[in-house]
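S.K.: In the working numbering, the protein residues as written are 98 to 602.
Structure incoming, see below.
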Ligand SMILES: [Zn+2]
């Protein structure tokens, strides 16, 4: 890159856009070259007004060239570099060095917050180039270490700085604080549901996707939300990934180490969940990167959406295609899904009667099967509690902080064990690595062989049982997987839920 630059976004990366301005004699006109969208044309008017406010009247035939030409650009991101380019071409400032500018101009020359400041800061650091951002973007840029960046209030600020008349102090690096993670709901505030809480703990520890089945009002959503409190805090690298996605999506800055929790409604479009659209934004699955994506009423999601979720669940990233090329966003999520046991919602309920026929149940069960189910390691039922049970249960058990400590140490054990093979957690293990890498007690093999025979388990089902058993053992800090761990793991199989809900296999 050289000269006066702005940025365009590609995925969560910023690309430098060079802004060249040429003024020749003749009647006044401004042309912007380089496939600008309509927003760039609007930007031309904002830039002209802001410059006029500073006494810079544009004259002559003006050509603004945005290079590379064939890359889609967004107007608001390019207001400031175009204004600086025009000010230089009209002789109002002298500037020979390279710099990246970003900011949307108000008509009076003030600068407004823009998306993409974090990717821009990463680019500026790579290019060893100073970066000028609106004041409102200062906090997020301060998290990027080693970048020379300046926060500015207005176009006038930038011009005075470049002329050397009033220097702006450089933004100091301010790393994110180590904070105590909290969720709106703590595990100890949820009465009963110990099986579901245990399953969530295993999911969090081994990064296993989970399906919770239960009647309306059983607390599935509450349980899913409480998951946030038992996940370990984001590391610095993970936090940077989260920030890059949020900044790209144009979401307000949040300097938190808590993992993202996003939920999507079953009526949401594939674009909302997977990303894309006219302005190319990341979707929910990317906003949930390094955290949790919660899909309630799972069987109601369209086939398109579920099909599209396969790729991120497999690869930890999602590629979105559009006319001008394709873009990849990170999408490493822990998927929590929830559903009713049957169309009416009360199959297996202690109090309400289910009104569904066997045909309804079988059809419902069929809807549940499909591409995503293969990726779900844990199945747990969340029964509705009767008022008597609620009263007699009393305490909710351990608090989230205690569970989180166990989850964190189990994750550290896994990272250490799998590092050489390039995996981070048990859920990622392919069959081959499972067979070689998971140590078993001597009596586990015959026990598993029996279980496979009596449950007619497939090879894939077998791998799932072993993966989850490994995580259960890691939560105890056990080196070898024992029969006890496998027995618990077997209780989270999909088939274990069939009988409860009258589903036929
Ligand atoms: Zn029913």
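Beta carbons: idealized from backbone N, C-alpha and C, even for Gly.
Buried or exposed for residue 546, going by 16 or more other Cβ atoms inside 10 Å?
M.R.: The residue in question, residue 546, is exposed, as its Cβ has fewer than 16 Cβ neighbours within 10 Å.
S.K.: Would residue 328 count as contacting chain D if we go by Cβ distances under 9 Å?
M.R.: Given the protein chain composition of this structure (a single chain), no chain D is represented.
S.K.: Roughly how many angstroms lie between the CA atoms of residue 553 and residue 336, to the nearest whole one?
M.R.: For residue 553 and residue 336, the distance between alpha carbons rounds to 43 Å.
S.K.: Within the same chain, show all residues whose beta-carbon is closer than 6 Å to that of residue 227, passing over the 5 residues directly before and after it, in chain order.
M.R.: Answer for residue 227: 196, 245, listed in chain order.
S.K.: Taking the alpha-carbon positions, what's the residue 169 to residue 418 distance?
M.R.: Their Cα atoms are separated by approximately 13 Å.
S.K.: How would the residue list near ligand 1 read, in chain order, if you kept each one whose beta-carbon is closer than 5 Å to any heavy atom?
M.R.: Result (chain order): 439, 441, 444, 451, 453.
S.K.: If we ignore side chains and look at the alpha-carbon of each, how far apart do residue 612 and residue 120 end up?
M.R.: Because the chain is modelled from 98 through 602, residue 612 falls outside the range shown and cannot be assessed.
S.K.: Below 8 Å on the Cβ atoms is my contact criterion, and I expect residue 252 with residue 151 to pass it. Report the Cβ-Cβ distance as a whole number of Å.
M.R.: Contact flag correct, Cβ pair sits at about 7 Å.
S.K.: Around the C-beta of residue 555, are 16 or more other C-beta atoms found within 10 angstroms, so that it is buried, or is it exposed?
M.R.: Flag for residue 555 reads exposed.
S.K.: Could you tell me whether the stretch 407–414 touches the stretch 448–456, using the rule of 3 or more Cβ pairs below 8 Å?
M.R.: The answer is no - the stretch 448–456 does not touch the stretch 407–414, with fewer than three Cβ pairs under 8 Å.
S.K.: Of all the options 108, 109, 162, 101, which has the alpha carbon lying nearest to the alpha carbon of residue 128?
M.R.: Answer by Cα proximity: 162.
S.K.: Could you check how far apart the C-beta atoms of residue 321 and residue 435 are, in whole angstroms? I think they sit under 8 Å.
M.R.: About 7 Å; that satisfies the 8 Å criterion.
S.K.: Looking at the secondary structure, which residues open and close the beta strand (DSSP E) in which residue 158 lies?
M.R.: Segment 158–164, the beta strand (DSSP E) holding residue 158.
S.K.: Could you check the C-alpha separation between residue 171 and residue 105 for me, to the nearest Å?
M.R.: Approximately 7 Å between the Cα atoms of the pair.
S.K.: For the alpha helix (DSSP H) that residue 395 lies in, which residues bound it at each end?
M.R.: Per DSSP, residue 395 belongs to no alpha helix (DSSP H) and is neither H nor E.
S.K.: Would residue 535 pass as a contact of residue 563 if the rule is Cβ separation under 9 Å?
M.R.: Yes, Cβ-Cβ distance for residue 535 and residue 563 is below 9 Å.
S.K.: For a test of the three-state rule: what should DSSP assign to residue 364, helix, strand or coil?
M.R.: Three-state DSSP puts residue 364 in coil, outside helix and strand.
S.K.: Please return the same chain residues whose Cβ sits closer than 6 Å to the Cβ of residue 340, not counting the five positions on each side in sequence.
M.R.: Hits under 6 Å: 215.
S.K.: Could you compute how far the alpha carbon of residue 274 sits from the alpha carbon of residue 334?
M.R.: Those two C-alpha atoms are separated by around 14 Å.
S.K.: Go ahead and pull the three-state DSSP assignment for residue 433.
M.R.: Correct three-state label for residue 433: strand.
S.K.: Taking the alpha-carbon positions, what's the residue 209 to residue 113 distance?
M.R.: In a straight line, the C-alpha of residue 209 is about 20 Å away from that of residue 113.
S.K.: Looking only at its own chain, which residues have a Cβ that is under 7 Å from the Cβ of residue 235, when we skip the five neighbours before and after it?
M.R.: Same-chain partners within the cutoff: 248, 268.
S.K.: With the cut-off set at 9 Å, would you say residue 203 and residue 260 are in Cβ contact?
M.R.: Cβ distance not < 9 Å, so residue 203 and residue 260 don't count as in contact.
S.K.: In the DSSP assignment, find the alpha helix (DSSP H) that holds residue 586 and state where it starts and stops.
M.R.: Taken as a continuous stretch (DSSP letters only), the alpha helix (DSSP H) holding residue 586 covers 580–587.
S.K.: Distance check for residue 368 and residue 100, CA to CA, integer angstroms please.
M.R.: If I take the Cα positions, the gap works out to 36 Å.
S.K.: Any contact of the stretch 374–391 with the stretch 341–350, i.e. 3+ C-beta pairs under 8 Å?
M.R.: Output reads yes: the stretch 341–350 touches the stretch 374–391.
S.K.: Could I get the ranges of all uninterrupted alpha helix (DSSP H) runs contained in the stretch 228–272, with 4 residues as the minimum, in chain order?
M.R.: You should have 235–239, 252–259.
S.K.: For the beta strand (DSSP E) that residue 111 lies in, which residues bound it at each end?
M.R.: Here the beta strand (DSSP E) through residue 111 covers 110–121.
S.K.: So, are the CB atoms of residue 432 and residue 307 less than 9 Å apart?
M.R.: In this structure, residue 307 lies closer than 9 Å to residue 432 by Cβ.
S.K.: Got a sec, what are the start and stop residues for the alpha helix (DSSP H) residue 39 sits in?
M.R.: The shown model of the chain, from 98 to 602, leaves out residue 39, and the question about it has no answer.
S.K.: Look up residue 476 in the DSSP assignment and give the residues it is bridged to.
M.R.: 308.
S.K.: Would the beta-carbon of residue 359 fall within 9 Å of that of residue 389?
M.R.: Result yes, Cβ atoms of residue 359 and residue 389 sit closer than 9 Å.
S.K.: Ends of the beta strand (DSSP E) at residue 416?
M.R.: Run containing residue 416: 414–419, per the beta strand (DSSP E) assignment.
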